[in-house]
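J.:
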Amino acid sequence: MLEILFNHYPALLRGLATTLTVSLSAIALGLMLGVLLAFGLTSRSRWLRWPCGLYRSFWRGTPILLQLLLVYYLLPETGIEVSPMSAAILTLTLNTAAFQAEIFRSGIAHIPQGQVEAARMAGISRWQTRRCIVMPQVFRLTLPPLTNEVITILKNSSLISVIAVTELMRVSEQIASRTFQPLETYLAAALLYLAVNLVLARLSAYLERRTAGGLATE
Amino acid sequence: MFDFMLIYEMRGLILQGLWNTVWICFLGCLVALSLGLALAALRLSNPRLFAWPVACYVETCRGVPLLVLLFLLYYGGPSIGLRLDAEIAGVTGIGLYGAGYFAEIYRSGFKAVSRGQLEVARMLGISRLQALVRIQIPQMLRLIVPPGTNQLIILVKESALISIISVDDLTKNATTIVNQTFSVIEPYVTVALLYWLIIEIIARSGYRLEKRLANRRPRPVTHTQGASFHDHG
Numbered sequence: 026m027l028e029i030l031f032n033h034y035p036a037l038l039r040g041l042a043t044t045l046t047v048s049l050s051a052i053a054l055g056l057m058l059g060v061l062l063a064f065g066l067t068s069r070s071r072w073l074r075w076p077c078g079l080y081r082s083f084w085r086g087t088p089i090l091l092q093l094l095l096v097y098y099l100l101p102e103t104g105i106e107v108s109p110m111s112a113a114i115l116t117l118t119l120n121t122a123a124f125q126a127e128i129f130r131s132g133i134a135h136i137p138q139g140q141v142e143a144a145r146m147a148g149i150s151r152w153q154t155r156r157c158i159v160m161p162q163v164f165r166l167t168l169p170p171l172t173n174e175v176i177t178i179l180k181n182s183s184l185i186s187v188i189a190v191t192e193l194m195r196v197s198e199q200i201a202s203r204t205f206q207p208l209e210t211y212l213a214a215a216l217l218y219l220a221v222n223l224v225l226a227r228l229s230a231y232l233e234r235r236t237a238g239g240l241a242t243e
Numbered sequence: 505m506f507d508f509m510l511i512y513e514m515r516g517l518i519l520q521g522l523w524n525t526v527w528i529c530f531l532g533c534l535v536a537l538s539l540g541l542a543l544a545a546l547r548l549s550n551p552r553l554f555a556w557p558v559a560c561y562v563e564t565c566r567g568v569p570l571l572v573l574l575f576l577l578y579y580g581g582p583s584i585g586l587r588l589d590a591e592i593a594g595v596t597g598i599g600l601y602g603a604g605y606f607a608e609i610y611r612s613g614f615k616a617v618s619r620g621q622l623e624v625a626r627m628l629g630i631s632r633l634q635a636l637v638r639i640q641i642p643q644m645l646r647l648i649v650p651p652g653t654n655q656l657i658i659l660v661k662e663s664a665l666i667s668i669i670s671v672d673d674l675t676k677n678a679t680t681i682v683n684q685t686f687s688v689i690e691p692y693v694t695v696a697l698l699y700w701l702i703i704e705i706i707a708r709s710g711y712r713l714e715k716r717l718a719n720r721r722p723r724p725v726t727h728t729q730g731a732s733f734h735d736h737g
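Protein sequence lines correspond, in order, to chains A and B.
Heads up: the first sequence is residues 26 to 243, going by our numbering.
Heads up: the second sequence is residues 505 to 737, going by our numbering.
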């Protein structure tokens, strides 16, 4: 396994870089969409809540592999040509948005309604209340599940090897078929995934400690 | 638009895929549930000998994609003389992977029941076994069912990955239909709906179990605990 790591580290690291690029872009894009969806889910209008709920239900309720295949094969049918890379980022974004929306929704539900009412009474606009009062607290409250989601997306990004994006998993497959050492190669890949995820978990624990305190819902 | 005839013509492949997915998920989840319990018991057991290895196992499951585990088992296995059928590799992969998560779910459930209660029970002369069966386990179950249901759902969805190691499951057969008929929407959407159906059944059963467990709290011991649950949100 170490031999594989030493001999093929440039390729493996390039694969890992692609894995990180795809996952982190998806997380960042999904964050924006997720926040909007969470507002939709907590909206007072049924006509906003209902489609957002349907979206969430679909993207949380079907396997991500299937979603990937659907996006990758369906887009060309409708005349939109996409590279495997963009299809991958698009699918992961749409998927994580649904999960993040649910995380934010539960976070928003934890913010005392009194705060929002007080802000409204103080003449702060609805959007400003959300931006300056609700969401900063929601992010702090939801840091642990958000970390889980980042790790999940990183792991799920291994599936995009199926549509020939040369990320870590795909690179490992190539190395395995060239060296005839599948066990060692996949162990090396597992080690790399594990290392990145452990670092992420540590980072999140650190952030959690740093931002602890001053929460409204203690 | 949506060609229902195509689905009807391809029902053989779809039903076969459905059967394989259900069967493999069932076995995989069974392995995950029981192995997870064994791991949690090991981690909590009194000589703390196993705590560390089990923690490492749990971290590995959390940090490594299931696809990598499946490839390790299916393609890596033969180099150490472990030749598995794709189906068996699938069940083993799902089982080993899920066990790491379930171990953690059981453990958190066990830890959430306060030690004080058991001490009181011991003081009242209730035997250790009786305290476990009548006080600890009923409360644990209530805590375990919601995250457990969630994890089962995740495992069923992730089971789609076994199609990549060439198990003829729902996803693989859908792709076969796509390749045969050049229609993308019908097979994938149908199969997505079938997954959704399986998941909905698991979710509903989870809710029902949760409700039944919640209603069954006539004993005063469980009442006193109720308050402290709410404190933790």
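C-beta atoms are modelled at their ideal positions from N, C-alpha and C, and glycine is treated no differently.
Does Ile630 of chain B come out as helix, strand or coil in the three-state DSSP assignment?
T.: Here residue 630 of chain B is taken as the residue at index 126 of the second sequence, counted from 1. Here Ile630 of chain B sits in coil by DSSP.
J.: Under 8 Å, with one C-beta from each stretch per pair, do the region 51 to 62 of chain A and the region 113 to 123 of chain A reach the 3-pair mark?
T.: Contact holds: three or more Cβ-Cβ distances are below 8 Å.
J.: What number of angstroms, rounded off, separates the C-alpha of Leu571 of chain B from the C-alpha of Ala625 of chain B?
T.: Within the second sequence, numbered from 1, the residue matching residue 571 of chain B stands at position 67. Within the second sequence, numbered from 1, the residue matching residue 625 of chain B stands at position 121. Going from the Cα of Leu571 of chain B to the Cα of Ala625 of chain B covers about 46 Å.
J.: Judging by CA-CA distance, which residue of B:Trp700, B:Leu713 and B:Asp673 is the nearest neighbour of Leu79 of chain A?
T.: Taking the first residue of the first sequence as position 1, residue 79 of chain A is located at position 54. Closest option to Leu79 of chain A, Cα to Cα, is B:Trp700.
J.: When we look at the beta-carbon of Asp589 of chain B and count the other beta-carbons within 10 Å, is it buried (16 or more) or exposed?
T.: In the second sequence, residue 589 of chain B corresponds to position 85, counting from 1. Asp589 of chain B comes out exposed.
J.: Given Ala214 of chain A, which residues of its chain have a CB within under 7 Å of its CB, disregarding the five upstream and five downstream residues?
T.: As a first step, residue 214 of chain A is located in the first sequence; it is residue number 189 there, counting from the start. Closer than 7 Å at the Cβ level, and outside the excluded window around Ala214 of chain A, lie Leu193, Met194 and Ser197.
J.: So for Gln138 of chain A, helix, strand or coil by DSSP?
T.: Along the first sequence, one-based indexing puts residue 138 of chain A at 113. Helix.
J.: Does Asn524 of chain B get closer than 9 Å to chain A when you measure Cβ to Cβ?
T.: Indexing the second sequence from 1 puts residue 524 of chain B at position 20. With 9 Å as the cut-off, Asn524 of chain B does not count as an interface residue toward chain A.
J.: What residue from B:Cys560, B:Leu539 and B:Gly580 has the CA that sits closest to Tyr211 of chain A's CA?
T.: For the purposes of this step, residue 211 of chain A is taken as the residue at position 186 of the first sequence. If we check each option's Cα against that of Tyr211 of chain A, B:Gly580 comes out closest.
J.: Am I right that Thr87 of chain A and Arg130 of chain A are in contact with their C-beta atoms under 8 Å? What's the rounded C-beta distance?
T.: Counted from its first residue, the first sequence places residue 87 of chain A at position 62. Counted from its first residue, the first sequence places residue 130 of chain A at position 105. Going by Cβ atoms, the distance from Thr87 of chain A to Arg130 of chain A rounds to 20 Å, so no, they are not a contact pair.
J.: Give the single residue among B:Asn719, B:Leu577, B:Cys565 and B:Gly652 whose Cα lies nearest to the Cα of Ala593 of chain B.
T.: In the second sequence, residue 593 of chain B corresponds to position 89, counting from 1. Out of B:Asn719, B:Leu577, B:Cys565 and B:Gly652, B:Leu577 has the C-alpha closest to the C-alpha of Ala593 of chain B.
J.: Straight-line CA distance for Pro207 of chain A to Glu28 of chain A?
T.: As a working note, residue 207 of chain A is residue 182 in the first sequence. As a working note, residue 28 of chain A is residue 3 in the first sequence. Straight-line Cα distance between these residues: approximately 13 Å.
J.: Let me know the secondary structure DSSP gives Glu102 of chain A once reduced to three states.
T.: The residue you call residue 102 of chain A lines up with position 77 of the first sequence. Three-state result, Glu102 of chain A: helix.
J.: If the criterion is Cβ atoms closer than 9 Å, does the pair Gly132 of chain A and Leu166 of chain A meet it?
T.: Translated into the one-based positions of the first sequence, residue 132 of chain A becomes position 107. Translated into the one-based positions of the first sequence, residue 166 of chain A becomes position 141. Yes, the Cβ-Cβ distance between Gly132 of chain A and Leu166 of chain A is below 9 Å.
J.: Quick check on DSSP: helix, strand or coil for Phe686 of chain B?
T.: Against the second sequence, residue 686 of chain B aligns to sequence position 182. Reduced to three states, the DSSP call for Phe686 of chain B is coil.
J.: Note the first and the last residue of the continuous alpha helix (DSSP H) segment covering Val163 of chain A.
T.: Numbered from its first residue, the first sequence carries residue 163 of chain A at position 138. It spans Met160 to Leu166 - the alpha helix (DSSP H) in which Val163 of chain A sits, taken as one unbroken run.
J.: In this structure, does DSSP put Leu600 of chain B in helix, strand or coil?
T.: Translated into positions along the second sequence, residue 600 of chain B becomes position 96. Helix at Leu600 of chain B.
J.: As a quick exercise: from B:Leu656, B:Leu534, B:Ile609 and B:Leu645, pick the residue whose alpha carbon is nearest that of Thr596 of chain B.
T.: Residue mapping note: residue 596 of chain B aligns to position 92 of the second sequence, counting from 1. The shortest Cα separation from Thr596 of chain B among B:Leu656, B:Leu534, B:Ile609 and B:Leu645 belongs to B:Leu534.
J.: Can you give me the Cβ contacts of Ser670 of chain B inside the same chain, cut-off strictly under 6 Å, excluding the 5 residues immediately before and after it?
T.: Your numbering for residue 670 of chain B matches position 166 in the second sequence. Closer than 6 Å at the Cβ level, and outside the excluded window around Ser670 of chain B, lie Ala590.
J.: If you run the structure through DSSP and keep just helix, strand and coil, what is Leu95 of chain A?
T.: Locating residue 95 of chain A in the first sequence gives position 70, counting from the first residue. Residue state, collapsed to three classes: helix.
J.: Taking the alpha helix (DSSP H) that Ser197 of chain A belongs to, which residues open and close that run?
T.: Mapped onto the first sequence, residue 197 of chain A falls at position 172. Taken as a continuous stretch (DSSP letters only), the alpha helix (DSSP H) holding Ser197 of chain A covers Leu193 to Thr204.
J.: Check whether chain B comes within 9 Å of Tyr231 of chain A, counting only Cβ atoms and requiring the distance to be less than that.
T.: Translated into the one-based positions of the first sequence, residue 231 of chain A becomes position 206. So, not an interface residue.
J.: Suppose the cutoff is 6 Å on Cβ atoms and the five residues either side in sequence are ignored; what does the same chain contact list for Asp735 of chain B look like?
T.: By 1-based counting over the second sequence, the position of residue 735 of chain B is 231. Caution applies to Asp735 of chain B, whose pLDDT of 37 falls short of 50 and renders its modelled position unreliable; the value that the coordinates give is listed next. Taken in chain order, the list of residues that qualify is empty.
J.: Which chain B residues sit within Cβ distance under 8 Å of Met146 of chain A?
T.: Counted from its first residue, the first sequence places residue 146 of chain A at position 121. Near Met146 of chain A there are no residues of chain B at all, since even the closest Cβ is about 27 Å away, more than 8 Å.
J.: What would DSSP say about Ala226 of chain A, mapped onto helix, strand or coil?
T.: As a position in the first sequence, residue 226 of chain A is number 201, starting the count at 1. It is helical.
J.: Determine the chain B residues that contact Met194 of chain A at a beta-carbon separation under 9 Å, and present them in chain order.
T.: The residue labelled residue 194 of chain A in the question sits at position 169 within the first sequence. Going along chain B in sequence order, the residues near Met194 of chain A (Cβ under 9 Å) are Pro569, Leu571, Val572 and Phe575.
J.: Cβ of Tyr98 of chain A within 9 Å of Cβ of Val568 of chain B?
T.: On the first sequence, position 73 is the one that residue 98 of chain A refers to. On the second sequence, position 64 is the one that residue 568 of chain B refers to. Their beta carbons are not under 9 Å apart, which means Tyr98 of chain A does not touch Val568 of chain B by this criterion.
J.: Which residues in the same chain as Ile703 of chain B place their Cβ atom closer than 8 Å to its Cβ, once the five residues preceding and following it in sequence are excluded?
T.: In the second sequence, the residue the question calls residue 703 of chain B occupies position 199. Excluding residues within five positions, the ones whose Cβ falls inside 8 Å are Ile657, Val660 and Lys661.
J.: For a cutoff of 9 Å on Cβ pairs, would you count Ala536 of chain B as touching chain A?
T.: For this step, residue 536 of chain B is matched to residue 32 along the second sequence. So no, Ala536 of chain B is outside the interface.
J.: Could you list the residues in the region 215 to 231 of chain A with a C-beta less than 7 Å from some C-beta on chain B, going in chain order?
T.: Going along the region 215 to 231 of chain A in chain order, one finds Ala215, Tyr218, Leu219, Asn222 and Leu223 with a Cβ nearer than 7 Å to chain B.
J.: Given a cut-off of 9 Å, decide if Val558 of chain B and Leu546 of chain B are closer than it, judged by their beta-carbon atoms.
T.: As a position in the second sequence, residue 546 of chain B is number 42, starting the count at 1. As a position in the second sequence, residue 558 of chain B is number 54, starting the count at 1. Cβ atoms of Leu546 of chain B and Val558 of chain B: closer than 9 Å.
J.: Apply the 10 Å Cβ neighbour rule to Cys560 of chain B and answer buried if 16 or more other Cβ atoms are within range, or exposed otherwise.
T.: As a first step, residue 560 of chain B is located in the second sequence; it is residue number 56 there, counting from the start. Exposed is the call here.
J.: Going by C-alpha distance, which of B:Ser663, B:Ser618 and B:Leu586 is nearest Tyr601 of chain B?
T.: On the second sequence, residue 601 of chain B is found 97 positions in, with the first residue counted as 1. If we check each option's Cα against that of Tyr601 of chain B, B:Ser663 comes out closest.
J.: Of all the residues that make up the region 681 to 715 of chain B, which are near chain A by a beta-carbon distance shorter than 7 Å?
T.: Correct list: Val682, Val688, Ile689, Tyr692, Val695, Ala696, Tyr699, Trp700 and Ile703.
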